[in-house]
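Below: the structure, in structure tokens.
In the working numbering, the protein residues as written are 58 to 271.
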């Protein structure tokens, strides 16, 4: 009889353990399913915005060509190119090269908010230089991301809900945030990035300064 009671107690304990596992894992799966849906919706919205960015960059390219051509400046170094999957786009404007990419969204991620709920979003990054040159030889996603961050100009964070504003952050302004209407964010983003890069100075490179007795 003692062995029989022991078996009964063990079965009850195991049953309680199984119920606890199912409850806790169930809560995790529900939360991860929400993350998955948000990530899926944010990806759809991001792809829509990025398609608009490519469209707007082509229009900007044509406008720049007309503007420079009317001033007698050759325009062969003004062009836009993008990959077949439309995951990155590069615009070259004379001596300036800017790339924008969605290849930084490997998993669901949130934007940190101080004393607020995190802002779930996908990210479009604008970087200085040609995207393919920047990531050439990178061994993994972590190295690709580090190189992109080293060359980042600004980022646009796209929410899963089109009724919410996108968030625009500029690196050189201490990541100050600007809210952009979903329908206008593509155009505003590319125009501001171009203004930042093309309106900036390019300084001469200099070696270390040394004192000389003359």
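Ideal Cβ placement from N, Cα and C applies to all residues, glycine included.
(message) Checking the sheet assignment: what are the DSSP bridge partners for residue 226?
(response) For the purposes of this step, residue 226 is taken as residue 169 along the chain shown, with counting starting at 1. The partner list for residue 226 (beta bridge, DSSP) reads 212 and 234.
(request) Put residue 191 into one of helix, strand or coil per three-state DSSP. (result) Taking the chain shown and counting its residues from 1, the one referred to as residue 191 is at position 134. Of the three classes helix, strand and coil, the one that applies to residue 191 here is helix, per DSSP.
(message) Going by beta-carbon coordinates alone, are residue 184 and residue 210 separated by less than 8 Å?
(response) The residue labelled residue 184 in the question sits at position 127 within the chain shown. The residue labelled residue 210 in the question sits at position 153 within the chain shown. Judged by beta-carbon spacing, residue 210 lies within the 8 Å limit of residue 184, meaning their Cβ atoms are closer than that value.
(request) May I have the straight-line CA-CA distance separating residue 90 from residue 96, to the nearest angstrom? (result) The residue labelled residue 90 in the question sits at position 33 within the chain shown. The residue labelled residue 96 in the question sits at position 39 within the chain shown. Rounded to the nearest angstrom, the two C-alpha atoms are 10 Å apart.
(message) Are there any heavy atoms of the ligand NAD lying less than 7 Å away from the beta-carbon of residue 258, as far as the coordinates show?
(response) Within the structure as shown, the ligand NAD is missing, as the structure has no ligands at all.
(request) Please name the residue, chosen from 224, 135 and 262, that lies closest to residue 251 on a Cα-to-Cα basis. (result) Position 194 of the chain shown, counting from 1, holds the residue named residue 251. Cα-wise, what sits closest to residue 251 is 135.
(message) Measuring straight from C-alpha to C-alpha, what distance separates residue 194 and residue 181?
(response) Against the chain shown, residue 194 aligns to sequence position 137. Against the chain shown, residue 181 aligns to sequence position 124. If I take the Cα positions, the gap works out to 22 Å.
(message) One question on the structure: do residue 164 and residue 107 come within less than 8 Å of each other, judged by their Cβ atoms?
(response) On the chain shown, position 107 is the one that residue 164 refers to. On the chain shown, position 50 is the one that residue 107 refers to. No, they are not a contact pair.
(request) In the DSSP assignment, find the alpha helix (DSSP H) that holds residue 206 and state where it starts and stops. (result) Residue numbering aside, residue 206 sits at position 149 when the chain shown is read from its first letter. Here the alpha helix (DSSP H) through residue 206 covers 198–207.
(message) Given a cut-off of 8 Å on the beta-carbon distance, is the pair residue 255 and residue 130 in contact?
(response) Working through the chain shown from its first residue, we reach residue 255 at position 198. Working through the chain shown from its first residue, we reach residue 130 at position 73. No, they are not a contact pair.
(request) Determine, using beta-carbon pairs with one atom in the stretch 170–179 and one in the stretch 203–218, whether at least three such pairs fall under 8 Å. (result) By the Cβ rule, the stretch 170–179 counts as touching the stretch 203–218, because three or more pairs are nearer than 8 Å.
(request) Verify whether the separation of the beta carbon atoms of residue 119 and residue 148 is less than 8 Å. (result) To locate residue 119, count along the chain shown from 1; it is residue 62. To locate residue 148, count along the chain shown from 1; it is residue 91. Pairing residue 119 with residue 148 gives a Cβ-Cβ distance that is not under 8 Å.
(message) Can you tell me whether residue 220 is buried or exposed? The criterion is at least 16 other CB atoms within 10 Å of its CB, across all chains shown.
(response) Sequence index remark: in the chain shown, residue 220 carries index 163 (1-based). Around the beta-carbon of residue 220, fewer than 16 other beta-carbon atoms lie within 10 Å, marking it exposed.
(message) I'd like to confirm the pairing. Which residues does DSSP put opposite residue 157 in its beta bridges?
(response) In the chain shown, the residue the question calls residue 157 occupies position 100. Bridge partners of residue 157: 146 and 183.
(message) What would DSSP say about residue 138, mapped onto helix, strand or coil?
(response) What you label residue 138 is simply residue 81 of the chain shown in a count that begins at 1. Strand, per DSSP.
(request) May I have the straight-line CA-CA distance separating residue 162 from residue 88, to the nearest angstrom? (result) For the purposes of this step, residue 162 is taken as the residue at position 105 of the chain shown. For the purposes of this step, residue 88 is taken as the residue at position 31 of the chain shown. Rounded to whole angstroms, residue 162 to residue 88 spans 19 Å at the Cα level.
(request) Check the C-beta distance from residue 155 over to residue 243 and give it rounded, since I have them as a contact under 8 Å. (result) The residue you call residue 155 lines up with position 98 of the chain shown. The residue you call residue 243 lines up with position 186 of the chain shown. So it is not a contact: roughly 15 Å between Cβ atoms.
(request) Just the C-alpha distance for residue 124 and residue 133, rounded to the nearest angstrom, thanks. (result) Working through the chain shown from its first residue, we reach residue 124 at position 67. Working through the chain shown from its first residue, we reach residue 133 at position 76. Looking at the two C-alpha atoms, the distance is approximately 13 Å.
(request) Compute the beta-carbon to beta-carbon distance between residue 227 and residue 168, rounded to the nearest angstrom, for a pair I have assumed lies under 8 Å. (result) Reading the chain shown from its first residue, position 170 is the one you call residue 227. Reading the chain shown from its first residue, position 111 is the one you call residue 168. Not quite, the Cβ-Cβ distance comes to about 14 Å (not below 8 Å), so this is no contact.
(message) Tell me the DSSP secondary structure of residue 168 in three-state form.
(response) As a first step, residue 168 is located in the chain shown; it is residue number 111 there, counting from the start. DSSP, read as helix, strand or coil, puts residue 168 in strand.
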